[in-house]
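Input: a single structure, listed below in C-alpha coordinates.
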Amino acid sequence: MELKRVVVTGLGALTPIGNTVPEYWDSLVKGVSGAAPITRFDASKFKTRFACEVKNFNPEDFMDRKEARKLDPFVHYALASTDEAVKDANLDFDKLDTNRIGVIWGSGIGGLKTFLDEVTNFANSDGTPRFNPFFIPKMILDIAPGHISMKYGLHGPNFSTVSACASSTNALIDSLNYIRCGYADVIVSGGSEAIINEAGIGGFNAMHALSTRNDDPATASRPFDKDRDGFVAGEGSGTIILESLEHAKARGAKIYAELSGGGMSADAHHITASHPEGLGANLAMTNAMRDAHISTDDIDYINVHGTSTPVGDISETKAIMELFGKHAFELNISSTKSMTGHLLGAAGAVESMACILAIKHGMVPPTINHFTDDPNLDPRLNFTFNKAQKRDIKFAQSNTFGFGGHNASVIFKKYEE
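Take the sequence shown: its letters are residues 243 to 659, numbered as in our numbering.
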(Lines of atoms letter the chains of each structure in order from A and count residues from 1; the text may use other names and numbers.)
(Lines give C-alpha, C1' and ligand atoms only; values in the text may rest on other atoms or scores of the structure.)
Protein backbone atom coordinates (compact mmCIF):
# COMPACT_ATOMS: atom_id res chain seq x y z
CA MET A 1 0.00 0.00 0.00
CA GLU A 2 1.33 3.40 -0.95
CA LEU A 3 1.17 5.84 1.95
CA LYS A 4 -0.56 9.15 1.37
CA ARG A 5 1.32 12.41 1.79
CA VAL A 6 0.04 14.59 4.65
CA VAL A 7 0.01 18.38 4.61
CA VAL A 8 -0.85 21.24 6.96
CA THR A 9 -3.76 23.37 5.74
CA GLY A 10 -4.83 25.33 8.82
CA LEU A 11 -3.45 26.71 12.07
CA GLY A 12 -4.97 28.08 15.27
CA ALA A 13 -3.18 29.40 18.34
CA LEU A 14 -4.09 30.58 21.83
CA THR A 15 -0.87 31.22 23.70
CA PRO A 16 0.66 33.36 26.47
CA ILE A 17 2.22 35.57 23.78
CA GLY A 18 -0.68 35.84 21.34
CA ASN A 19 -4.30 34.75 21.01
CA THR A 20 -4.13 34.18 17.25
CA VAL A 21 -1.53 32.72 14.90
CA PRO A 22 -0.40 36.14 13.55
CA GLU A 23 -0.05 37.51 17.11
CA TYR A 24 1.82 34.38 18.22
CA TRP A 25 4.28 34.50 15.31
CA ASP A 26 4.88 38.24 15.65
CA SER A 27 5.72 37.80 19.33
CA LEU A 28 8.01 34.85 18.60
CA VAL A 29 10.02 36.81 16.05
CA LYS A 30 10.24 39.83 18.36
CA GLY A 31 11.30 37.73 21.33
CA VAL A 32 8.41 38.59 23.64
CA SER A 33 8.21 36.95 27.06
CA GLY A 34 4.81 35.75 28.22
CA ALA A 35 5.80 35.39 31.88
CA ALA A 36 4.23 37.64 34.52
CA PRO A 37 2.86 37.43 38.08
CA ILE A 38 0.03 34.92 38.46
CA THR A 39 -3.49 36.37 38.31
CA ARG A 40 -5.50 33.11 38.39
CA PHE A 41 -5.24 32.79 42.20
CA ASP A 42 -3.44 34.28 45.19
CA ALA A 43 0.06 32.87 44.82
CA SER A 44 1.67 34.93 47.58
CA LYS A 45 2.50 31.86 49.69
CA PHE A 46 3.83 29.75 46.78
CA LYS A 47 7.49 29.22 45.95
CA THR A 48 6.71 30.29 42.39
CA ARG A 49 4.44 33.29 41.98
CA PHE A 50 4.52 33.77 38.22
CA ALA A 51 3.59 31.89 35.06
CA CYS A 52 2.88 32.31 31.35
CA GLU A 53 -0.89 32.85 31.39
CA VAL A 54 -3.20 33.33 28.42
CA LYS A 55 -4.22 36.99 28.50
CA ASN A 56 -7.39 38.88 27.52
CA PHE A 57 -9.29 35.69 26.74
CA ASN A 58 -13.05 35.38 27.13
CA PRO A 59 -14.56 31.96 26.33
CA GLU A 60 -17.89 33.68 25.62
CA ASP A 61 -16.34 35.00 22.42
CA PHE A 62 -16.56 31.41 21.20
CA MET A 63 -19.63 30.00 22.98
CA ASP A 64 -22.56 31.18 25.06
CA ARG A 65 -22.24 31.63 28.82
CA LYS A 66 -24.31 28.56 29.68
CA GLU A 67 -22.12 26.32 27.53
CA ALA A 68 -18.92 27.89 28.85
CA ARG A 69 -19.89 27.01 32.43
CA LYS A 70 -20.11 23.33 31.49
CA LEU A 71 -16.52 23.23 30.23
CA ASP A 72 -13.09 23.27 31.84
CA PRO A 73 -10.65 25.97 30.69
CA PHE A 74 -8.58 23.43 28.75
CA VAL A 75 -11.66 22.80 26.58
CA HIS A 76 -12.34 26.54 26.24
CA TYR A 77 -8.82 26.88 24.87
CA ALA A 78 -9.20 23.90 22.52
CA LEU A 79 -12.40 25.26 21.00
CA ALA A 80 -10.91 28.74 20.59
CA SER A 81 -7.79 27.66 18.71
CA THR A 82 -9.80 25.20 16.62
CA ASP A 83 -12.20 27.96 15.60
CA GLU A 84 -9.27 29.88 14.12
CA ALA A 85 -7.75 26.80 12.47
CA VAL A 86 -11.00 25.69 10.80
CA LYS A 87 -11.51 29.18 9.39
CA ASP A 88 -7.88 29.38 8.31
CA ALA A 89 -8.18 26.07 6.46
CA ASN A 90 -11.43 27.23 4.84
CA LEU A 91 -13.11 23.96 5.74
CA ASP A 92 -16.76 23.87 4.64
CA PHE A 93 -18.03 20.78 6.42
CA ASP A 94 -21.34 20.88 4.56
CA LYS A 95 -19.42 20.05 1.39
CA LEU A 96 -17.10 17.43 2.86
CA ASP A 97 -17.52 13.81 3.98
CA THR A 98 -17.52 14.29 7.75
CA ASN A 99 -17.35 10.52 8.26
CA ARG A 100 -13.73 10.87 7.11
CA ILE A 101 -12.80 13.86 9.26
CA GLY A 102 -11.52 13.12 12.75
CA VAL A 103 -10.14 14.80 15.86
CA ILE A 104 -7.04 13.53 17.66
CA TRP A 105 -6.10 15.74 20.59
CA GLY A 106 -3.41 15.81 23.25
CA SER A 107 -3.46 16.96 26.87
CA GLY A 108 -1.12 15.99 29.65
CA ILE A 109 -3.43 16.69 32.59
CA GLY A 110 -6.83 17.83 31.31
CA GLY A 111 -9.45 19.36 33.61
CA LEU A 112 -7.32 20.03 36.67
CA LYS A 113 -9.21 23.20 37.61
CA THR A 114 -12.49 21.31 37.59
CA PHE A 115 -11.07 18.51 39.73
CA LEU A 116 -9.55 21.00 42.18
CA ASP A 117 -12.79 22.97 42.57
CA GLU A 118 -15.02 19.95 43.08
CA VAL A 119 -12.76 18.17 45.57
CA THR A 120 -12.14 21.42 47.48
CA ASN A 121 -15.89 22.04 47.74
CA PHE A 122 -16.45 18.52 49.02
CA ALA A 123 -13.60 18.79 51.55
CA ASN A 124 -15.10 22.03 52.88
CA SER A 125 -18.60 20.58 53.17
CA ASP A 126 -20.22 18.46 55.90
CA GLY A 127 -19.40 15.31 53.96
CA THR A 128 -22.63 15.21 51.99
CA PRO A 129 -21.67 14.45 48.36
CA ARG A 130 -22.93 17.42 46.37
CA PHE A 131 -20.94 17.14 43.16
CA ASN A 132 -21.69 19.02 39.97
CA PRO A 133 -23.26 16.63 37.44
CA PHE A 134 -20.77 17.99 34.88
CA PHE A 135 -17.79 17.16 37.14
CA ILE A 136 -16.63 14.06 35.27
CA PRO A 137 -17.49 15.24 31.72
CA LYS A 138 -15.66 18.54 32.40
CA MET A 139 -12.54 16.85 33.76
CA ILE A 140 -11.72 13.91 31.50
CA LEU A 141 -9.04 14.46 28.87
CA ASP A 142 -10.95 12.99 25.94
CA ILE A 143 -13.73 15.56 26.29
CA ALA A 144 -11.80 18.18 24.29
CA PRO A 145 -11.85 16.22 21.01
CA GLY A 146 -15.39 15.17 21.88
CA HIS A 147 -16.57 18.78 22.02
CA ILE A 148 -14.68 19.68 18.84
CA SER A 149 -16.38 16.81 17.00
CA MET A 150 -19.80 17.80 18.33
CA LYS A 151 -19.38 21.44 17.36
CA TYR A 152 -18.54 20.62 13.75
CA GLY A 153 -20.31 17.28 13.29
CA LEU A 154 -17.15 15.27 12.66
CA HIS A 155 -17.65 11.50 12.74
CA GLY A 156 -14.14 10.25 11.98
CA PRO A 157 -11.54 8.90 14.45
CA ASN A 158 -11.85 10.71 17.77
CA PHE A 159 -9.66 10.29 20.85
CA SER A 160 -7.04 11.84 23.10
CA THR A 161 -3.36 11.02 23.47
CA VAL A 162 -1.74 11.25 26.90
CA SER A 163 2.04 11.22 27.23
CA ALA A 164 2.63 14.17 29.56
CA CYS A 165 4.52 16.92 27.72
CA ALA A 166 4.75 14.82 24.55
CA SER A 167 0.94 14.45 24.32
CA SER A 168 0.13 16.72 21.38
CA THR A 169 3.19 15.58 19.42
CA ASN A 170 1.89 12.04 19.80
CA ALA A 171 -1.50 13.33 18.62
CA LEU A 172 0.16 14.70 15.48
CA ILE A 173 1.97 11.41 14.85
CA ASP A 174 -1.24 9.41 15.26
CA SER A 175 -3.02 11.85 12.93
CA LEU A 176 -0.23 11.50 10.37
CA ASN A 177 -0.54 7.73 10.36
CA TYR A 178 -4.35 7.64 10.25
CA ILE A 179 -4.33 9.85 7.15
CA ARG A 180 -1.36 8.10 5.56
CA CYS A 181 -3.09 4.75 5.84
CA GLY A 182 -6.38 6.03 4.44
CA TYR A 183 -8.51 5.96 7.60
CA ALA A 184 -9.30 9.68 7.33
CA ASP A 185 -8.99 12.53 4.84
CA VAL A 186 -8.69 15.34 7.40
CA ILE A 187 -7.82 15.34 11.09
CA VAL A 188 -8.12 18.26 13.47
CA SER A 189 -5.14 17.76 15.75
CA GLY A 190 -3.27 19.59 18.48
CA GLY A 191 -3.42 19.98 22.22
CA SER A 192 -4.51 22.18 25.10
CA GLU A 193 -3.59 22.62 28.75
CA ALA A 194 -4.80 24.77 31.67
CA ILE A 195 -2.86 24.02 34.86
CA ILE A 196 -2.17 27.46 36.27
CA ASN A 197 -4.02 26.96 39.52
CA GLU A 198 -3.14 26.05 43.10
CA ALA A 199 -2.81 22.33 42.37
CA GLY A 200 -0.77 22.74 39.21
CA ILE A 201 1.73 25.27 40.53
CA GLY A 202 1.86 23.68 43.98
CA GLY A 203 2.43 20.22 42.53
CA PHE A 204 5.25 21.25 40.23
CA ASN A 205 6.79 23.34 43.01
CA ALA A 206 6.83 20.28 45.25
CA MET A 207 8.90 18.52 42.58
CA HIS A 208 11.33 21.46 42.39
CA ALA A 209 10.58 21.62 38.66
CA LEU A 210 9.62 25.31 38.38
CA SER A 211 11.79 28.39 38.27
CA THR A 212 11.53 30.49 41.43
CA ARG A 213 12.91 33.67 39.88
CA ASN A 214 10.07 35.75 41.38
CA ASP A 215 12.10 38.97 41.23
CA ASP A 216 12.29 38.83 37.42
CA PRO A 217 9.54 36.65 35.88
CA ALA A 218 10.02 37.93 32.32
CA THR A 219 13.51 36.43 32.14
CA ALA A 220 12.87 33.34 34.24
CA SER A 221 12.64 30.89 31.34
CA ARG A 222 16.31 30.59 30.34
CA PRO A 223 16.92 27.49 28.23
CA PHE A 224 20.62 26.68 27.86
CA ASP A 225 21.67 29.57 30.09
CA LYS A 226 24.15 28.77 32.87
CA ASP A 227 21.79 30.14 35.52
CA ARG A 228 18.58 28.38 34.44
CA ASP A 229 16.65 27.12 37.46
CA GLY A 230 13.57 25.33 36.14
CA PHE A 231 10.72 25.72 33.71
CA VAL A 232 7.96 28.34 33.70
CA ALA A 233 4.42 26.96 33.64
CA GLY A 234 2.37 27.96 30.61
CA GLU A 235 -1.14 27.39 29.32
CA GLY A 236 -3.00 27.56 26.04
CA SER A 237 -3.82 25.59 22.92
CA GLY A 238 -2.66 24.88 19.40
CA THR A 239 -4.68 23.39 16.55
CA ILE A 240 -3.18 22.03 13.33
CA ILE A 241 -5.39 20.88 10.46
CA LEU A 242 -3.78 17.88 8.77
CA GLU A 243 -5.04 16.64 5.44
CA SER A 244 -4.08 14.18 2.74
CA LEU A 245 -2.38 15.98 -0.11
CA GLU A 246 -4.89 14.71 -2.66
CA HIS A 247 -7.83 15.89 -0.55
CA ALA A 248 -6.25 19.29 0.00
CA LYS A 249 -5.51 19.76 -3.70
CA ALA A 250 -8.99 18.62 -4.69
CA ARG A 251 -10.60 21.37 -2.64
CA GLY A 252 -8.02 24.00 -3.55
CA ALA A 253 -6.65 24.41 -0.03
CA LYS A 254 -3.58 26.48 0.77
CA ILE A 255 -0.72 24.39 2.08
CA TYR A 256 1.66 25.58 4.80
CA ALA A 257 4.01 22.61 4.88
CA GLU A 258 4.15 18.84 4.72
CA LEU A 259 4.28 16.65 7.84
CA SER A 260 6.80 14.14 6.61
CA GLY A 261 7.65 12.01 9.63
CA GLY A 262 7.31 11.23 13.30
CA GLY A 263 9.33 9.23 15.78
CA MET A 264 8.78 7.99 19.33
CA SER A 265 10.75 6.29 22.07
CA ALA A 266 10.94 5.69 25.81
CA ASP A 267 13.84 6.56 28.11
CA ALA A 268 12.94 3.67 30.43
CA HIS A 269 15.02 5.51 32.99
CA HIS A 270 13.20 7.67 35.59
CA ILE A 271 9.72 9.00 36.38
CA THR A 272 10.68 12.63 35.68
CA ALA A 273 14.35 12.99 34.72
CA SER A 274 15.41 12.49 31.12
CA HIS A 275 18.17 10.01 30.38
CA PRO A 276 21.43 11.83 31.23
CA GLU A 277 23.00 10.92 27.88
CA GLY A 278 19.83 11.70 25.90
CA LEU A 279 19.45 8.14 24.61
CA GLY A 280 15.67 8.33 24.29
CA ALA A 281 15.79 11.76 22.67
CA ASN A 282 18.35 10.48 20.17
CA LEU A 283 16.18 7.48 19.32
CA ALA A 284 13.01 9.55 18.85
CA MET A 285 14.80 11.97 16.48
CA THR A 286 16.40 9.06 14.63
CA ASN A 287 13.04 7.35 14.21
CA ALA A 288 11.46 10.57 12.94
CA MET A 289 14.14 11.03 10.29
CA ARG A 290 13.91 7.39 9.27
CA ASP A 291 10.13 7.79 8.92
CA ALA A 292 10.62 10.94 6.81
CA HIS A 293 13.25 9.17 4.66
CA ILE A 294 15.86 11.85 5.26
CA SER A 295 19.31 12.06 6.85
CA THR A 296 20.66 14.25 9.63
CA ASP A 297 22.23 16.58 7.06
CA ASP A 298 18.75 17.49 5.74
CA ILE A 299 17.55 19.12 8.98
CA ASP A 300 17.91 22.91 9.08
CA TYR A 301 16.18 23.83 12.33
CA ILE A 302 15.27 22.04 15.55
CA ASN A 303 12.69 23.49 17.92
CA VAL A 304 14.01 21.68 20.96
CA HIS A 305 12.17 20.58 24.07
CA GLY A 306 14.48 22.98 25.94
CA THR A 307 12.49 23.54 29.13
CA SER A 308 15.14 25.49 31.05
CA THR A 309 15.85 22.74 33.57
CA PRO A 310 19.47 22.10 34.57
CA VAL A 311 19.48 18.42 33.57
CA GLY A 312 17.04 18.34 30.66
CA ASP A 313 18.76 20.94 28.50
CA ILE A 314 22.10 19.16 28.83
CA SER A 315 20.73 15.71 27.95
CA GLU A 316 18.91 16.97 24.85
CA THR A 317 22.03 18.77 23.69
CA LYS A 318 24.07 15.59 24.14
CA ALA A 319 21.53 13.74 21.99
CA ILE A 320 21.82 16.33 19.22
CA MET A 321 25.63 16.28 19.32
CA GLU A 322 25.75 12.49 19.24
CA LEU A 323 23.17 12.12 16.46
CA PHE A 324 24.06 15.00 14.14
CA GLY A 325 27.83 15.01 14.50
CA LYS A 326 29.47 17.93 12.67
CA HIS A 327 26.11 18.95 11.19
CA ALA A 328 25.01 19.92 14.71
CA PHE A 329 27.10 23.08 14.30
CA GLU A 330 25.27 23.98 11.07
CA LEU A 331 21.81 23.72 12.59
CA ASN A 332 19.69 26.48 14.01
CA ILE A 333 18.42 25.38 17.42
CA SER A 334 15.94 27.31 19.54
CA SER A 335 13.58 26.87 22.45
CA THR A 336 10.41 28.92 22.09
CA LYS A 337 9.57 27.91 25.67
CA SER A 338 11.81 30.83 26.58
CA MET A 339 8.84 32.96 25.47
CA THR A 340 5.70 30.86 25.92
CA GLY A 341 6.76 28.94 29.01
CA HIS A 342 6.05 25.22 29.06
CA LEU A 343 2.53 24.41 27.81
CA LEU A 344 2.91 20.77 28.90
CA GLY A 345 0.51 18.67 26.80
CA ALA A 346 -0.07 21.56 24.38
CA ALA A 347 3.65 22.24 23.87
CA GLY A 348 4.07 19.91 20.90
CA ALA A 349 1.30 21.52 18.87
CA VAL A 350 2.28 25.10 19.66
CA GLU A 351 5.97 24.43 18.98
CA SER A 352 5.16 22.52 15.78
CA MET A 353 3.41 25.67 14.62
CA ALA A 354 6.63 27.57 15.30
CA CYS A 355 8.39 25.14 12.93
CA ILE A 356 5.68 25.44 10.27
CA LEU A 357 5.76 29.22 10.41
CA ALA A 358 9.57 29.26 10.42
CA ILE A 359 9.48 27.30 7.16
CA LYS A 360 6.84 29.62 5.69
CA HIS A 361 8.58 32.86 6.62
CA GLY A 362 12.23 31.76 6.36
CA MET A 363 12.86 32.91 9.92
CA VAL A 364 14.08 31.03 13.00
CA PRO A 365 12.52 32.30 16.25
CA PRO A 366 15.04 32.94 19.03
CA THR A 367 15.86 31.48 22.41
CA ILE A 368 15.49 34.59 24.56
CA ASN A 369 16.78 35.33 28.06
CA HIS A 370 20.34 34.23 27.41
CA PHE A 371 22.80 36.02 29.66
CA THR A 372 25.59 33.61 30.59
CA ASP A 373 27.08 30.79 28.53
CA ASP A 374 26.93 27.35 30.09
CA PRO A 375 30.45 25.85 30.05
CA ASN A 376 28.86 22.39 29.69
CA LEU A 377 27.52 23.30 26.24
CA ASP A 378 29.64 23.45 23.09
CA PRO A 379 29.93 27.14 22.07
CA ARG A 380 29.86 26.14 18.41
CA LEU A 381 26.17 25.23 18.66
CA ASN A 382 23.81 27.91 17.35
CA PHE A 383 21.02 28.25 19.90
CA THR A 384 19.69 31.35 18.09
CA PHE A 385 20.14 33.34 21.27
CA ASN A 386 18.07 36.49 21.83
CA LYS A 387 17.41 37.44 18.20
CA ALA A 388 15.55 35.74 15.33
CA GLN A 389 17.68 34.69 12.38
CA LYS A 390 16.76 34.54 8.71
CA ARG A 391 17.23 31.14 7.12
CA ASP A 392 15.77 29.18 4.25
CA ILE A 393 14.36 26.10 5.95
CA LYS A 394 13.50 22.94 4.05
CA PHE A 395 13.18 20.59 7.04
CA ALA A 396 12.32 21.58 10.62
CA GLN A 397 12.13 19.18 13.56
CA SER A 398 10.17 19.61 16.81
CA ASN A 399 11.03 17.63 19.96
CA THR A 400 8.86 17.04 23.03
CA PHE A 401 9.69 14.82 26.00
CA GLY A 402 7.34 13.92 28.84
CA PHE A 403 7.48 12.74 32.44
CA GLY A 404 7.60 8.96 32.41
CA GLY A 405 10.27 8.99 29.73
CA HIS A 406 7.98 9.57 26.75
CA ASN A 407 9.80 11.07 23.74
CA ALA A 408 8.24 12.25 20.49
CA SER A 409 9.63 14.12 17.51
CA VAL A 410 8.02 15.35 14.28
CA ILE A 411 9.49 16.68 11.05
CA PHE A 412 7.92 19.28 8.79
CA LYS A 413 9.04 19.85 5.22
CA LYS A 414 8.71 22.84 2.92
CA TYR A 415 5.89 21.87 0.56
CA GLU A 416 6.83 20.92 -2.99
CA GLU A 417 4.58 19.43 -5.64
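We put the beta carbon where it would ideally sit given N, CA and C, even for glycine.
Just so we're clear, the structure is a prediction, and the values are computed from it rather than from any experiment.
A direct Cα-to-Cα measurement between I343 and L484 gives close to 10 Å. With at least 16 other beta carbons inside 10 angstroms of its own, M527 counts as buried. Between the segment 622-630 and the segment 500-515 there are fewer than three C-beta pairs closer than 8 Å, too few to call the two in contact. The alpha carbon of K380 has as its nearest neighbour, out of N298, G369, E360, the alpha carbon of E360. Excluding the 5 residues flanking it on each side, T356 has same chain C-beta neighbours closer than 6 Å at D314, K380, M381, in chain order. Cα atoms of F473 and E326: separation of roughly 28 Å, rounded to the nearest angstrom. In the DSSP assignment, V248 falls outside any alpha helix (DSSP H) and lies within the beta strand (DSSP E) extending over 248-256.
Taken through DSSP and simplified to helix, strand or coil, H489 comes out as helix. Closest option to L573, judged by alpha-carbon separation, among A600, S550, D539: D539.
Boundaries of the beta strand (DSSP E) around I343: 343-348.
In summary, T281 is exposed, with fewer than 16 beta-carbon neighbours lying within 10 Å of its beta-carbon over all protein chains present. Note on geometry: alpha-carbon atoms of A448 and T290 lie some 10 Å from one another. Apart from sequence neighbours up to five positions away, no residue of its chain approaches R493 with a beta-carbon distance below 6 Å. Of A285, P258, K246, the smallest CA-CA separation from T454 is found for A285. Excluding its 5 nearest sequence neighbours in each direction, T578 has C-beta neighbours in its own chain below 7 Å: L270, N545, E593, A596, P607, listed in chain order. In the DSSP assignment, N649 falls outside any alpha helix (DSSP H) and within the unbroken beta strand (DSSP E) covering 648-655. Excluding five sequence positions before and after P301, the CB atoms of its chain that fall closer than 6 Å to its own CB belong to A310, H318, given in chain order. Of K636, S405, L396, the smallest CA-CA separation from E658 is found for K636. When DSSP states are grouped into helix, strand and coil, G442 belongs to the helix group.
Remark: C-beta atoms of S323 and G480 approach each other more closely than 8 Å. In the structure shown, the three-state DSSP call for P315 is helix.
Within the same chain, and ignoring the five residues on either side of Y425 in sequence, the residues whose Cβ sits closer than 7 Å to its Cβ are P399.
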